[in-house]
Amino acid sequence: MIDTAEQLFIAQGYEQTSISDIVREVNVSQGAFYYYFESKEDVLVAVIEKKIALMENDFQQIADRSDLDEAAKLNSMINSFISISTSEKTIHGYIHQAKNAALHRKLMKVRPFAGIAPLMAGVISKGCDKGRFDVVRPLETSYLLLMMIGYAYHMFHLNEAFRESNDENPENNEFQESMRIAMEDLLERALGVCNYKFILKH
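Under our numbering, the first residue of the sequence shown carries the number 1387, and numbering increases by one thereafter.
Laid out in structure tokens, this is it:
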């Protein structure tokens, strides 16, 4: 039901998708739906939780790689965090609409950073042990980095003018380069290092 609901939310829009649409597509009764979920909002929360679980798995795989140093691992983690597919933009765009503030607050209770921040903190701690970084509180630093980068980058995807500009000129996007420089500067300052190089994958 979660996978089907996600597909319908993307194809039809969250507001245009009814519980009847979901159960009809899955071929179950509405009683079966309400056995697992109290409302359509709860299904959306489950969709977001699934996305978070996938990201946690991605972060863990990056953290376990032996072929990357700590700076490269951070770059990979951040690129994974800010990467967003065309389909995911539809869901994120709906969630961040002003009229859906209550839904957004409900989704924040899922604690999207609770699993990935410690993994990032582990990479930062190892970087500190090797003298690569100089951070007093790796976990708190990880939470702040994720919050600031996530807010800044996803606001870009919600801005229609920037999004259209990026789609029309994928090879020459000044905003993307500005974001890359800003993130590079943020990481350099947050990690207490000089000449940190951040590669932003499109």
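Even glycine gets a Cβ: it sits at the ideal position worked out from N, Cα and C. Please read these numbers as outputs of a predicted model, since none were measured by experiment.
For residue i, the three-state DSSP class (helix, strand or coil)
i     : result
F1499 : coil
I1585 : coil
V1409 : helix
M1506 : helix
D1453 : coil
E1401 : coil
C1514 : helix
A1547 : Because the pLDDT at A1547 is just 49, under 50, the model does not fix this residue reliably, and the value given afterwards should be weighed accordingly. In the structure shown, A1547 sits in a helix (DSSP, three-state: H, G or I).
Span of the alpha helix (DSSP H) around residue i
i     : result
S1466 : E1456 to I1468
N1443 : K1426 to D1450
R1566 : E1560 to A1576
F1519 : Unbroken run through F1519: none, as it is neither H nor E.
D1389 : I1388 to Q1398
Q1416 : Q1416 to Y1422
6 Å CB neighbourhood of residue i in its chain, flanking five on each side removed
i     : result
T1403 : L1394 and F1395
K1516 : none
E1411 : T1390
F1423 : V1429
L1586 : R1566
Own chain partners of residue i with C-beta closer than 7 Å, once the 5 adjacent residues on each side are dropped
i     : result
I1405 : Q1416, F1419 and K1426
G1578 : F1519, D1520 and V1521
I1388 : V1429, A1432, V1433 and K1436
N1584 : Here the sequence assigns Phe to residue 1584, which means Asn is not the residue at that position. Cβ within range, chain order: N1461, R1566, M1569, E1570 and L1573.
Cβ-heavy atom distance, residue i to the ligand HEM, below 7 Å
i     : result
S1404 : With respect to small molecules bound, the structure shown includes none, and the ligand HEM cannot be examined in it.
Cutoff 8 Å; reference residue i; Cβ partners in own chain excluding five residues on either side
i     : result
G1435 : It is worth fixing the name first, because residue 1435 is Glu in this sequence and not Gly. Answer for E1435: V1496, listed in chain order.
A1576 : V1521, T1527, L1530 and L1531
S1466 : M1441, D1444, F1445 and I1448
CB-CB length for residue i against residue j, believed under 8 Å
i     : j     : result
L1573 : L1460 : 7 Å
I1464 : M1569 : 7 Å
M1441 : I1510 : Not really, about 17 Å apart at Cβ, beyond 8 Å.
G1536 : I1468 : 7 Å
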